[in-house]
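Visitor: Take a look at this one; I'll ask things after.
Protein chains in written order, with the numbering used here: chain A, 160 to 459; chain B, 160 to 459.
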């Protein structure tokens, strides 16, 4: 029988259905949900409490299986509780709140660090980008201020690229907005490609908005560097898994699926720009060790 | 001063603005326009007539600069006139009508031959395709009848892939319709990719609906063969030239261009399936010689 309260179940459900926010935002939401679960778990002992928190954490991880940051955030908070299990419930509660707060508060500082490192790493000239992420947007704003025009792909099905383009244009940045299929035609004009990530696997492969892999191949084809801006919270311990899809049937014989993510192999990634440094894909593996600990805390 | 009559100028203009038809259809239209131009050219001599026909042929070629079939068809008809210039205007007229008729009538037989060769060349299993062309559609219909499911990309901006998908689904073929950006996610399910062409350059590079180059890169990335079905009329004598675009300005700072074609380099093409045989890209060069003659007939 589940020990998850209806209120927590609902919070997990809204994370599952969320298509508006990226992995970073949802990870913070997951950390927050664990703190509420702490108070709602029907537990008499540290063991019962941990078992309940683990169940909530696993449900959060499974709500967004393509986003390692969600399971990392949930796992990190549960690990904090686990480490204080011998000290009693009040100590566990303080540890959970402190760890969740730390994760939630890290966002702005992390983003600023990534922006600074990206500014040093990226060449001058036009930057092609895909989809929208808060950190990537902050980098593009900075690069544009030093004179880089931006080429944004629409990024179907949700067209987050239109948001990126319109917000940058409003700031006075020269932006070219192209359909996803036009990327090949415009790639020769780009000095670099910059995208965000939903998950980075231990081997350096990147899950991001569908269409990212084609951009990476087009960049390689034109010998243009391909950068991924990501906080280390998004690094997963494991290997790439199959993509997730929502098939939709419209008329007999015709299947119209919607896939939101694709996988870009590590060999197409020039560098991963994180708050802890700029890494070649092969050098990301040590960062995946922490994530393995977080998974273990969730019994995943 | 131009010798092109208003009626011919209008016919050329509708070829320029045509986004509904492919290169094969427009080439036949161009051949037909030259026969009308023969009667409307204000010419007293074979020399004057040829000069007028060349002007019309060049205008046709420039109306669709990314489609070699249009200049090939116009050039072939003008060449026929040129070869009879010593025999007087009636002989020239007969030659022009015969050559134009030959080009126009060749369509169905050419298409049937390409379908037969494609059936032999393509592997069993799912076929991914892009955009719509009559010949490609005929091949897909045949492949589907022997059990190959079809994966069609929408092919923005005009979404001809939706047409391909809906027509095939109506015939009872199992079709998956995906947005262009989803190609990477579905490529591993394909046994081969099949597309048409608007122009094939002498080195084997292919101009086709924008998005084709990314499909070819994704196919190569998954080690899946990439086939181009094309009649030899589409082979151009020259080298690839820059793409053509129609920029559209919607708000300050934001440029929204529309590019209809992109260029797929020869090294990504497994084979060109034509009515004269299945060619490796490097073997297409001899076919480009005829096209050179046609250009010469237009003084291009």
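Think of the CB as a built atom: it goes at the ideal place given N, C-alpha and C, for glycine as much as any other residue.
1) With DSSP as the reference, please indicate the residues paired to residue 469(A) in a beta bridge.
2) So which residues on chain B does residue 198(A) lean against when the C-beta distance must stay under 8 Å?
3) Within the continuous alpha helix (DSSP H) that includes residue 340(A), where are the two ends?
4) Chain B partners of residue 415(A), CB-CB under 7 Å?
5) On a CA-only basis, which of 343(A), 262(A), 387(A) is nearest residue 360(A)? Give me that one, please.
6) Does the Cβ of residue 308(B) have 16 or more other Cβ atoms within 10 Å, making it buried, or fewer, making it exposed?
7) Could you tell me whether the segment 427 to 439 of chain B touches the segment 351 to 359 of chain A, where touching means 3 or more Cβ pairs closer than 8 Å?
8) Whose CA, out of 278(B), 312(B), 368(B), 425(B), lies closest to the CA of residue 122(B)?
9) To which residues does DSSP link residue 430(A) through a beta bridge?
10) So, at 7 Å on beta carbons, what are the nonlocal neighbours of residue 446(A) in its own chain, with the 5 sequence-adjacent residues on each side left out?
11) Applying the 10 Å Cβ sphere with the 16-neighbour rule, what's the burial state of residue 368(B)?
12) Does the distance from the C-beta atom of residue 457(A) to that of residue 220(A) stay below 8 Å?
13) Grouping DSSP H, G and I as helix and E and B as strand, with all else coil, what is residue 455(A)?
14) Among the residues of its own chain, which have a CB less than 7 Å from the CB of residue 322(B), if the five just before and after it don't count?
15) Would you identify the three-state DSSP class for residue 288(A), choosing helix, strand or coil?
16) Closer than 7 Å between beta carbons: that is the criterion. Which residues of the segment 370 to 383 of chain B meet it against chain A?
17) Quick check on the burial criterion: 16 or more other C-beta atoms within 10 angstroms. Buried or exposed for residue 223(B)?
18) Consult DSSP for residue 331(A) and reduce its assignment to one of helix, strand or coil.
19) Please state the DSSP three-state secondary structure of residue 283(A).
20) Anyone know if the C-beta pair for residue 370(B) and residue 440(B) falls short of 8 Å?
21) Report the residues of the segment 336 to 356 of chain B with a CB closer than 8 Å to any CB of chain A, ordered along the chain.
22) May I ask which residues mark the beginning and end of the beta strand (DSSP E) holding residue 312(A)?
23) Could you give the C-beta distance for residue 102(B) and residue 313(B), rounded to a whole number, given that I count them as a contact under 8 Å?
24) Would you call the segment 238 to 248 of chain A in contact with the segment 411 to 422 of chain A, where contact means no fewer than 3 C-beta pairs closer than 8 Å?
25) Please state the DSSP three-state secondary structure of residue 438(A).
26) Tell me where the beta strand (DSSP E) around residue 223(B) begins and ends.
27) Report yes or no: is there a C-beta of chain A within less than 8 Å of the C-beta of residue 421(B)?
28) Are the C-beta of residue 437(A) and some C-beta of chain B separated by less than 8 Å?
29) For a contact meaning CB atoms closer than 8 Å, what does residue 314(A) contact in chain B?
30) Counting pairs of Cβ atoms below 8 Å between the segment 185 to 194 of chain A and the segment 253 to 266 of chain A, do you hit three or more?
31) Give the interface partners of residue 328(B) over in chain A, defined as CB-CB distance under 8 Å, in chain order.
32) Compute the distance between the beta-carbons of residue 209(A) and residue 196(A), then report whether it is under 8 Å.
33) Between residue 213(A) and chain B, is there a C-beta pair that is closer than 8 Å?
34) Excluding five sequence neighbours on each side, which residues of the same chain lie with their C-beta closer than 6 Å to the C-beta of residue 348(B)?
35) Buried or exposed: which applies to residue 396(A), given that a residue is buried once 16 or more other Cβ atoms fall within 10 Å of its Cβ?
36) Going by alpha carbons, who is nearest to residue 340(A) out of 236(B), 346(B), 178(B), 373(B)?
Guide: Reading it off the structure:
1) Residue 469(A) falls outside the range modelled here, since chain A spans only 160 to 459, and no answer is possible.
2) For residue 198(A), there are no neighbours in chain B by C-beta distance under 8 Å, as the nearest C-beta there is about 40 Å away.
3) Following the DSSP letters along the chain, one finds residue 340(A) in no alpha helix (DSSP H), marked with neither H nor E.
4) 336
5) 387(A)
6) buried
7) no
8) Outside the displayed span of chain B (160 to 459) sits residue 122(B), for which this structure offers no information.
9) 386(A)
10) Cβ within range, chain order: 391, 394.
11) If you draw a 10 Å sphere on the C-beta of residue 368(B), you find 16 or more other C-beta atoms in it, and that means buried.
12) Cβ distance < 8 Å, so residue 457(A) and residue 220(A) count as in contact.
13) helix
14) 291
15) strand
16) 370, 372, 373, 376, 377, 380
17) buried
18) Coil.
19) coil
20) no
21) 336, 337, 338, 339, 340, 341, 342, 343, 344, 345
22) In this chain, the beta strand (DSSP E) harbouring residue 312(A) covers 309 to 312.
23) Because residue 102(B) is not part of the residues shown, which for chain B are 160 to 459, the question remains open.
24) Short answer: they don't touch.
25) strand
26) Looking at the DSSP string, residue 223(B) is not in any beta strand (DSSP E), and its letter there is neither H nor E.
27) yes
28) No, because no Cβ of chain B sits closer than 8 Å to the Cβ of residue 437(A).
29) 340
30) yes
31) 410, 411, 412, 413
32) In this structure, residue 196(A) does not lie closer than 8 Å to residue 209(A) by Cβ.
33) Taking a beta-carbon distance threshold of 8 Å, residue 213(A) does not count as an interface residue toward chain B.
34) 285
35) buried
36) Residue 340(A) has its Cα closest to that of 373(B), out of 236(B), 346(B), 178(B), 373(B).
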